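Note sheet for the following structure.
There are 2 protein chains.
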Amino acid sequence: MALLTRRSFLPATATVLASLPLAAARAPAAGRQGPGVYRTRLGDFELTALYDGIWYQKIENPLVRNASRAEVNKALTDAFLAPDVLPINFTALMVDTGAQLVLIDTGTAGQLTDSAGTLLDNLALAGVKPADIDIIVISHFHPDHIDGLKTKDGDKVFPNAEIKVPEPEWAFWMDEASLHRNDGSTSLHLYFLNARRIFRDIAKEVTRFTPGREVAAGITSIAAFGHTPGHCAFAVSSGRSSLLVVSDTARLPALFVRHPEWQPTFDMDGPRAAATRKAMLDRAAADRMLVQGYHFPFPGSGHIVRTASGFDFAPAMWRPLSPSP
Amino acid sequence: MALLTRRSFLPATATVLASLPLAAARAPAAGRQGPGVYRTRLGDFELTALYDGIWYQKIENPLVRNASRAEVNKALTDAFLAPDVLPINFTALMVDTGAQLVLIDTGTAGQLTDSAGTLLDNLALAGVKPADIDIIVISHFHPDHIDGLKTKDGDKVFPNAEIKVPEPEWAFWMDEASLHRNDGSTSLHLYFLNARRIFRDIAKEVTRFTPGREVAAGITSIAAFGHTPGHCAFAVSSGRSSLLVVSDTARLPALFVRHPEWQPTFDMDGPRAAATRKAMLDRAAADRMLVQGYHFPFPGSGHIVRTASGFDFAPAMWRPLSPSP
Chain A
4 MALLTRRSFL PATATVLASL PLAAARAPAA GRQGPGVYRT RLGDFELTAL YDGIWYQKIE
64 NPLVRNASRA EVNKALTDAF LAPDVLPINF TALMVDTGAQ LVLIDTGTAG QLTDSAGTLL
124 DNLALAGVKP ADIDIIVISH FHPDHIDGLK TKDGDKVFPN AEIKVPEPEW AFWMDEASLH
184 RNDGSTSLHL YFLNARRIFR DIAKEVTRFT PGREVAAGIT SIAAFGHTPG HCAFAVSSGR
244 SSLLVVSDTA RLPALFVRHP EWQPTFDMDG PRAAATRKAM LDRAAADRML VQGYHFPFPG
304 SGHIVRTASG FDFAPAMWRP LSPSP
Chain B
4 MALLTRRSFL PATATVLASL PLAAARAPAA GRQGPGVYRT RLGDFELTAL YDGIWYQKIE
64 NPLVRNASRA EVNKALTDAF LAPDVLPINF TALMVDTGAQ LVLIDTGTAG QLTDSAGTLL
124 DNLALAGVKP ADIDIIVISH FHPDHIDGLK TKDGDKVFPN AEIKVPEPEW AFWMDEASLH
184 RNDGSTSLHL YFLNARRIFR DIAKEVTRFT PGREVAAGIT SIAAFGHTPG HCAFAVSSGR
244 SSLLVVSDTA RLPALFVRHP EWQPTFDMDG PRAAATRKAM LDRAAADRML VQGYHFPFPG
304 SGHIVRTASG FDFAPAMWRP LSPSP
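Taken in order, these protein sequences are the chains called A and B. All letters in the first sequence, in the order written, are residues 4 to 328 by our numbering. All letters in the second sequence, in the order written, are residues 4 to 328 by our numbering.
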C-alpha cells in the first residue's frame with residue numbers, strides 16, 4: 004500500500020501528459036445530467052420515481068427553530084454536504100396500479116430555481132405523456148408540490164387527470180379569512196396567492212379528500228399534520244407489499260431524519276410537525292417499512308434505522324426491474 | 004397520528020375499489036428499469052457512471068473465510084437485503100478528460116447473468132458510441148471487468164480504444180505455468196481460460212502498465228493487490244478535485260466496508276486483500292475522499308465514514324450536473 008499516499012492523489016507525473024498538446028476526445032462532454040427515472044415493482048404495481056432537481060437554498064436566517072447554525076452546519080458537513088446551503092431535492096412518485104396511473108405531487112415546474120424543473124422531461128423519458136395521467140394526488144399546497152399542475156401561462160399540464168387534495172389543506176389555503184389573517188408573513192402570503200393561482204379557476208374539477216381515506220385503489224392518505232395544516236402522507240399497498248410515502252413529514256434525511264426533533268421554519272406548526280415526524284419515523288423503523296420521501300435524495304426510497312440519537316436513512320439499492328430476491 | 008396504525012398500511016377499504024371492474028390505466032406499465040447513466044463534474048473532467056446491472060448470486064458455500072453464514076446474513080438483513088443472496092452490482096466509470104474518453108472496466112457483456120449486461124445500452128443513452136472510447140483501463144482480469152471488451156463471437160466491442168492492463172495481472176493470468184499450477188480450482192481455471200479468450204488474439208494491441216503509473220492524463224493507477232495478484236485502484240484528478248476509484252478493493256459496502264476484515268473467497272489472497280482494504284478505507288475516511296466502487300450500488304460514488312467496528316459507506320446525493328455548492 005506504499006503507493007496509497009497523499010502524493011498519489013495529486014500525482015506530479017500528471018503534468019507530463021497534461022502538458023502535451025491536447026487532442027480532443029472523440030466524444031464531447033455531455034454537459035447535462037442523465038435521466039432521473041427509477042422504477043420498482045410493489046406487488047402488482049409499477050412505481051416510477053421522477054426527478055425534478057434540487058434547489059440549493061442559501062441558509063440566510065435560522066433554518067431550525069431549536070438548533071443553532073453551527074449544529075445545522077455540522078450535520079450538513081457530517082453528510083459531506085456544503086455548509087450554509089440547504090439542498091432541497093424534489094422527486095415525485097408515479098404509481099401505475101394497472102387500473103390507473105397516479106402521480107403523487109407534481110414538482111416545481113421550473114418556477115423556483117434553474118436547477119429544478121425536469122419532471123416533465125423525465126416523465127417523457129419514462130414513456131408517459133401528461134395526458135396519460137389519470138389521477139393526481141397532492142400532499143399539501145406548498146409551491147414545489149402544486150406548481151407542476153399549471154404552466155406559467157396558467158394552462159393545465161395534465162389535461163385528463165382528476166386532481167385530489169386534502170380537505171383541510173384546501174380549507175386553510177383557499178379561505179379568504181386565512182389569507183388576510185396571515186398577510187404579515189411574506190412567504191406565507193405568497194403561498195396563499197400561489198395556491199389561488201393554481202386552483203381557483205379549476206376549483207370545480209378538484210376533489211377534496213378526508214385524510215385517512217383511500218385516494219385511489221391501493222393508495223390511502225394518512226393525516227400527517229404540522230408541516231402544513233392538512234399535510235398528508237400516503238400508504239401504497241399491493242398484495243403483501245407496501246410503501247410509506249412520507250411526503251414532507253421528514254425532509255433532508257441528513258438533517259431531519261437524523262434529528263427528528265429539530266423544528267425547521269418551513270414546518271408551520273413546529274412542535275406538531277416534530278411529533279408527527281418522530282412517530283412516523285419510529286413506526287417506519289420498528290416495522291422496517293419501505294419509505295419514499297419527496298425531499299430525500301433521488302430516487303428517494305429506502306428504510307429508516309434507529310440510532311442512539313435519532314434515526315438514519317438507508318437508501319434502497321438501485322436494482323434492475325427484473326425479479327430480485 | 005392515530006391514523007398511522009398497522010391497519011392503515013393494509014387498509015380494509017382497499018378491497019372496495021379493488022373489487023370494481025378494472026379499467027386500464029392510460030399508459031401501460033413500462034416493464035423495464037429506467038436508464039442507468041449518472042454524470043458528475045470533477046474539476047474540468049466529466050464523469051459518467053454506466054450501470055451494467057446486478058448478479059444475484061445465491062450463497063452456496065461459505066462466502067467469507069472468517070465469518071459465519073449467520074454473521075453474513077445478519078449484515079445483509081441489517082442492510083435490508085435478502086439473506087443467502089449476494090447482490091453483485093456492476094457500474095463502470097467513464098472519464099471524459101477533454102482530451103480523451105477513458106472507460107475504466109467494461110461490465111459483464113450479459114455473459115454472467117440475465118440481470119446484468121446493460122452497459123452498452125447505457126453508453127448509447129449517454130450519447131457515446133463504442134468507437135468513441137479512446138482508452139480502456141482494466142483494474143484486474145475477473146470476467147465481470149473484462150468480458151465487455153469482446154462480443155460472444157470474439158469481436159472487439161471498442162474498435163478504437165487502446166487497452167491498458169496492469170502488468171502483474173497480465174503476468175499472472177496469461178502465464179502458461181500459472182494455468183497449469185491452478186487447474187485444481189474450477190472457478191480459477193475458468194478465469195484463466197476466460198482471460199485467454201479475451202486477450203490472446205489482441206495481445207499485441209494491449210499496453211501493460213506498472214501499478215503506480217499514470218494511465219491517462221489525470222488518471223493514476225494504484226497498486227491494490229490481494230483481490231487478485233495485480234489488482235489496481237485508480238486516482239482521478241483534475242484541478243483541485245480528485246476521486247478514488249477503489250475497483251474491487253471493497254465490494255458490497257453492507258458486507259465489506261462495514262466489515263473490512265472479512266475475507267471473502269473471491270479475494271485470492273485473503274489476508275493481503277483485507278490489509279489493502281483496511282488501509283484504503285482508513286485513508287479515504289481520514290481524508291474525506293470521494294470514492295467510486297465498481298460493486299457499490301449504482302451510481303457507486305460516495306464517502307467512507309469510520310464507525311466503532313469498521314466503516315460505513317455514505318452514498319453521494321444525486322444532483323443535477325449544473326454547478327452546485
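No residue lacks a Cβ here, since even glycine has one placed at the ideal position from N, Cα and C. A quick note: this is a predicted structure, and the numbers were derived from the prediction, not measured.
Under the three-state reduction of DSSP output, residue 73 (chain A) falls in the helix class. By the CB criterion at 8 Å, residue 300 (chain B) and residue 271 (chain B) fall outside the cutoff. In the DSSP assignment, residue 121 (chain A) is bridged to no other residue. From the listed residues B:311, B:108, B:128, the smallest Cα separation to residue 145 (chain B) is found for B:108.
For residue 60 (chain B), the pairing in a beta bridge is given by DSSP as B:89.
The alpha-carbon separation between residue 59 (chain B) and residue 292 (chain A) amounts to approximately 22 Å. Cβ contact annotation for residue 172 (chain A) (same chain, cutoff 8 Å, sequence separation greater than five): 141, 143, 144, 231, 232, 233, 234, 235, in chain order. Going by beta carbons, residue 104 (chain B) and residue 149 (chain B) fall outside the 8 Å limit. Boundaries of the alpha helix (DSSP H) around residue 277 (chain A): 273 to 289.
DSSP places residue 189 (chain B) inside the alpha helix (DSSP H), whose first and last residues are 189 to 202. With a cutoff of 8 Å on beta-carbon distance, residue 53 (chain B) and residue 126 (chain B) are scored as near each other.
Contact note: residue 250 (chain A) does not reach chain B at a C-beta cutoff of 7 Å; the least C-beta distance is about 13 Å. Interface annotation, residue 291 (chain B): in contact with chain A, CB-CB separation under 8 Å. Fewer than three beta-carbon pairs drawn from the region 202 to 215 of chain A and the region 243 to 258 of chain A are found closer than 8 Å, and the two stretches are therefore not classed as touching.
Inter-residue distance for residue 28 (chain A) and residue 48 (chain B) is about 11 Å (C-alpha atoms, whole angstroms).
Here the region 110 to 118 of chain B makes no contact with the region 72 to 79 of chain B; the two share fewer than three CB pairs at distances below 8 Å. In this structure, A:162 is the residue among A:162, A:43, A:311, A:120 with its C-alpha nearest to the C-alpha of residue 132 (chain A).
With the criterion set as a beta carbon lying under 7 Å from some beta carbon of chain A, the members of the region 103 to 114 of chain B are 103, 104, in sequence order.
For residue 266 (chain B) against residue 69 (chain B), the beta-carbon gap comes to about 5 Å, under 8 Å, which counts as contact. Per DSSP, residue 147 (chain B) is one residue of the alpha helix (DSSP H) stretching across 146 to 149. Per the coordinates, the alpha-carbon of residue 193 (chain A) lies some 10 Å from the alpha-carbon of residue 182 (chain A).
Taking a 10 Å sphere around the C-beta of residue 35 (chain B), we find fewer than 16 other C-beta atoms and assign the residue as exposed. Within chain A, the residues whose beta carbon sits less than 9 Å from that of residue 135 (chain B) are 28, 29, 30, listed in sequence order. From the listed residues A:164, A:66, A:33, the smallest Cα separation to residue 99 (chain B) is found for A:33. Inclusion of residue 90 (chain B) and residue 255 (chain B) in the CB contact set at 8 Å is warranted, their separation being smaller than that value.
Ranked by Cα distance from residue 319 (chain B), the first of A:51, A:78, A:84, A:40 is A:84.
Per DSSP, residue 306 (chain B) is one residue of the beta strand (DSSP E) stretching across 304 to 309. For residue 117 (chain A), the C-beta contacts it makes with chain B under 8 Å involve 325, in order along the chain. Annotation for residue 166 (chain A): 139, 209 place their beta carbon closer than 6 Å to its own, counting only its chain and skipping 5 residues before and after. Rounded to the nearest whole angstrom, the C-alpha separation of residue 306 (chain B) and residue 223 (chain B) is 20 Å. Here residue 229 (chain A) is near residue 279 (chain A), since their CB atoms are less than 8 Å apart.
In the assembly as shown, residue 87 (chain B) is an exposed residue. Its beta-carbon has fewer than 16 other beta-carbons within 10 Å. Among the bridge pairs identified by DSSP, residue 29 (chain B) is matched with none. At a cut-off of 8 Å, the C-beta of residue 100 (chain B) has a neighbouring C-beta in chain A. Contacts with chain B at 8 Å (Cβ-Cβ) include residue 41 (chain A). Just so you know, the alpha carbons of residue 251 (chain A) and residue 297 (chain A) end up roughly 6 Å apart.
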